[in-house]
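S.K.:
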Amino acid sequence: MKVLVKVRLKNGILDPQGKAVNNALHHLGFHTIQDVRIGKLIEFNMAEKNRAEAEKKIEQACKKLLTNPIIEDYTYEITEE
Amino acid sequence: MKIGVVVFPGSNCDHDMYYALKLVAGDDVHFIWHQDHSIHTYQAVVLPGGFSYGDYLRAGAIARFSPIMSEVIKFAKSGKPVLGVCNGFQILTESGLLPGALRRNQNLRFQCKHVYIRKENCESIFTRKLQKNQVLSVPIAHGEGNYFIDQDGLKRLIDNQQIAFRYCSANGDLGEEFNPNGSIDHIAGIINEKGNVLGMMPHPERAVELLLGSQDGRIIFESLIAGE
Chain D
1341 MKVLVKVRLK
1351 NGILDPQGKA
1361 VNNALHHLGF
1371 HTIQDVRIGK
1381 LIEFNMAEKN
1391 RAEAEKKIEQ
1401 ACKKLLTNPI
1411 IEDYTYEITE
1421 E
Chain R
162 MKIGVVVFPG
172 SNCDHDMYYA
182 LKLVAGDDVH
192 FIWHQDHSIH
202 TYQAVVLPGG
212 FSYGDYLRAG
222 AIARFSPIMS
232 EVIKFAKSGK
242 PVLGVCNGFQ
252 ILTESGLLPG
262 ALRRNQNLRF
272 QCKHVYIRKE
282 NCESIFTRKL
292 QKNQVLSVPI
302 AHGEGNYFID
312 QDGLKRLIDN
322 QQIAFRYCSA
332 NGDLGEEFNP
342 NGSIDHIAGI
352 INEKGNVLGM
362 MPHPERAVEL
372 LLGSQDGRII
382 FESLIAGE
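Chain order of the listed sequences is D and R. Using my numbering, read the first sequence as starting at 1341 and increasing by one per residue. Using my numbering, read the second sequence as starting at 162 and increasing by one per residue.
#1: Alpha carbon to alpha carbon, how far is Arg-279 (chain R) from Thr-1372 (chain D)?
#2: Of the residues D:Thr-1415, D:Gln-1374, D:Ile-1378, D:Leu-1349, which one's Cα is nearest the Cα of Glu-1399 (chain D)?
#3: Helix, strand or coil: how does DSSP classify Cys-283 (chain R) here?
#4: What does Ile-1398 (chain D) touch in chain R if you count any residue whose Cβ is under 7 Å from its own?
#5: Name, please, each residue of chain D whose Cβ falls closer than 7 Å to the Cβ of Leu-258 (chain R).
#6: Are the C-beta atoms of Leu-335 (chain R) and some chain D residue less than 7 Å apart?
#7: With a 10 Å radius around its C-beta and 16 neighbouring C-beta atoms as the bar for buried, classify His-303 (chain R) as buried or exposed.
#8: Kindly indicate if chain D contains any beta-carbon less than 7 Å away from that of Gln-267 (chain R).
#9: What is the rounded straight-line gap between the Cα of Val-1345 (chain D) and the Cα of Ile-1378 (chain D)?
#10: Check this for me: beta carbons of Gln-251 (chain R) and Leu-263 (chain R), under 7 Å apart or not?
#11: Verify whether the separation of the beta carbon atoms of Pro-365 (chain R) and Gly-378 (chain R) is less than 7 Å.
#12: Fully enclosed by the segment 316-366 of chain R, which beta strand (DSSP E) runs are 3 residues long or longer?
#13: In terms of DSSP beta bridges, what is Ser-298 (chain R) paired with?
#14: Select from R:Ile-223, R:Pro-228, R:Ala-205 the residue whose C-alpha is nearest the C-alpha of Phe-236 (chain R).
#15: In terms of alpha-carbon separation, which member of D:Leu-1365, D:Ile-1411, D:Thr-1419, D:Val-1361 lies closest to Asn-268 (chain R)?
#16: Where Asn-1385 (chain D) and Tyr-308 (chain R) are concerned, what is the direct C-alpha to C-alpha distance, given to the nearest angstrom?
#17: Quick test of the definition: if touching needs 3 or more C-beta pairs under 8 Å, does the segment 208-220 of chain R touch the segment 238-254 of chain R?
#18: I need the straight-line Cα distance from Gly-336 (chain R) to His-347 (chain R), nearest angstrom please.
#19: Using 7 Å as the threshold, is the C-beta distance between Phe-169 (chain R) and His-198 (chain R) below it?
#20: Check the DSSP bridge columns for Ala-205 (chain R) and list the partner residues they point to.
#21: Give every residue of the same chain whose Cβ lies closer than 8 Å to the Cβ of Gln-272 (chain R), excluding the five residues on either side of it in the sequence, and list them in chain order.
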């Protein structure tokens, strides 16, 4: 199955990169765009056939390596079975 | 004192650290390859600066799971001295040996310059020869040195006297203008609760000879060997 993990900075954690991009967008005239925050998209394939088993492993991978739980949150979706 | 400097793929301050330790702390300094499993013969271990594993994913995130790190974690938990500088500090926070996390510098720029840091009210193996409020001139060189910890964590650091260094002026004053990366509460370095693990963004190993502008970093290595 194909998995898509989205990693975001936690709410309330300042995102200087997002802020810089926000400012650049405003300079370009995109004044209606606000609160830009930048995260990461991680994509991978898994050999598991069983969805529940895969979800368990994805959770573990996210907590152990793919995110730093002190500053980041994650969500994921299984895009192809 | 037998001291080991861990070498990860992408470490680039390992030789500077080796040189500084030899100069200040004596001859018994060795490199430890990241795939080694045994460090029990060492009395202290140093994680040097650099870009271990290319800083991929997050700085220090992959190095934290290299074979040597499970040994370093045991070593630290047994109370033996572990120093992490720059990328070494990032690896220590990723591995959970030190609280908090290091994020992208607030102004998004890689900062490479001399700064001043002030010894705070904090006792550790690495700072025992420093006076309270002593100011050191040491260089920084990092893009992700913006220390973050939540408010409860910050309170614990303060209450337990775990803040080793804060960025400051030449006179030891605190201020946003002296904080090069946006670190919370001007934090430049912290220790663990036991006081045997120090992580700091500034590079004491680059400040051991006047020829290079400062020898203020020596006192950290002198402190390390002072208990022998």
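C-beta atoms are modelled at their ideal positions from N, C-alpha and C, and glycine is treated no differently.
M.R.: Once the coordinates are examined:
#1: Along the second sequence, read from residue 1 onward, the residue named residue 279 (chain R) stands at position 118. Along the first sequence, read from residue 1 onward, the residue named residue 1372 (chain D) stands at position 32. One C-alpha to the other measures close to 44 Å.
#2: Taking the first residue of the first sequence as 1, we reach residue 1399 (chain D) at position 59. Glu-1399 (chain D) has its Cα closest to that of D:Thr-1415, out of D:Thr-1415, D:Gln-1374, D:Ile-1378, D:Leu-1349.
#3: Reading the second sequence from its first residue, position 122 is the one you call residue 283 (chain R). Coil.
#4: Indexing the first sequence from 1 puts residue 1398 (chain D) at position 58. Result: empty, since nearest Cβ-Cβ is about 16 Å, beyond 7 Å.
#5: The residue given as residue 258 (chain R) occupies position 97 in the second sequence. What Leu-258 (chain R) touches in chain D: nothing, since even the nearest Cβ is about 13 Å away.
#6: Start at 1 with the first residue of the second sequence, and residue 335 (chain R) comes out as number 174. Cβ-Cβ to chain D under 7 Å: no for Leu-335 (chain R).
#7: As a first step, residue 303 (chain R) must be located in the second sequence, where it is residue number 142. Under this definition His-303 (chain R) is a buried residue.
#8: Here the question's residue 267 (chain R) lines up with position 106 in the second sequence. Closer than 7 Å: yes.
#9: Translated into the one-based positions of the first sequence, residue 1345 (chain D) becomes position 5. Translated into the one-based positions of the first sequence, residue 1378 (chain D) becomes position 38. About 14 Å.
#10: Position 90 of the second sequence holds residue 251 (chain R). Position 102 of the second sequence holds residue 263 (chain R). Yes.
#11: Within the second sequence, the letter at position 204 stands for residue 365 (chain R). Within the second sequence, the letter at position 217 stands for residue 378 (chain R). Yes, they are a contact pair.
#12: 324-329, 348-352, 358-361
#13: Within the second sequence, the letter at position 137 stands for residue 298 (chain R). Partner(s): R:Tyr-277.
#14: Here residue 236 (chain R) refers to the residue found at position 75 of the second sequence. The residue with the shortest Cα to Cα distance from Phe-236 (chain R) is R:Ala-205.
#15: By one-based count along the second sequence, residue 268 (chain R) stands at place 107. Minimum Cα distance to Asn-268 (chain R) is reached at D:Val-1361.
#16: Sequence index remark: in the first sequence, residue 1385 (chain D) carries index 45 (1-based). Sequence index remark: in the second sequence, residue 308 (chain R) carries index 147 (1-based). Going from the Cα of Asn-1385 (chain D) to the Cα of Tyr-308 (chain R) covers about 34 Å.
#17: yes
#18: Here residue 336 (chain R) corresponds to residue number 175 of the second sequence, with the count starting at 1. Here residue 347 (chain R) corresponds to residue number 186 of the second sequence, with the count starting at 1. Gly-336 (chain R) and His-347 (chain R): Cα-Cα distance of roughly 8 Å.
#19: For the purposes of this step, residue 169 (chain R) is taken as the residue at position 8 of the second sequence. For the purposes of this step, residue 198 (chain R) is taken as the residue at position 37 of the second sequence. Taking 7 Å as the Cβ cut-off, Phe-169 (chain R) and His-198 (chain R) do not qualify as a contacting pair.
#20: Translated into positions along the second sequence, residue 205 (chain R) becomes position 44. Ala-205 (chain R) pairs with R:Ile-164.
#21: Stepping through the second sequence from its first residue, residue 272 (chain R) is reached at position 111. For Gln-272 (chain R), where only same-chain residues beyond five positions count, the Cβ hits under 8 Å are Asn-266, Ile-301, Ala-302, His-303, Gly-304, Gly-306, Pro-341, Asn-342.
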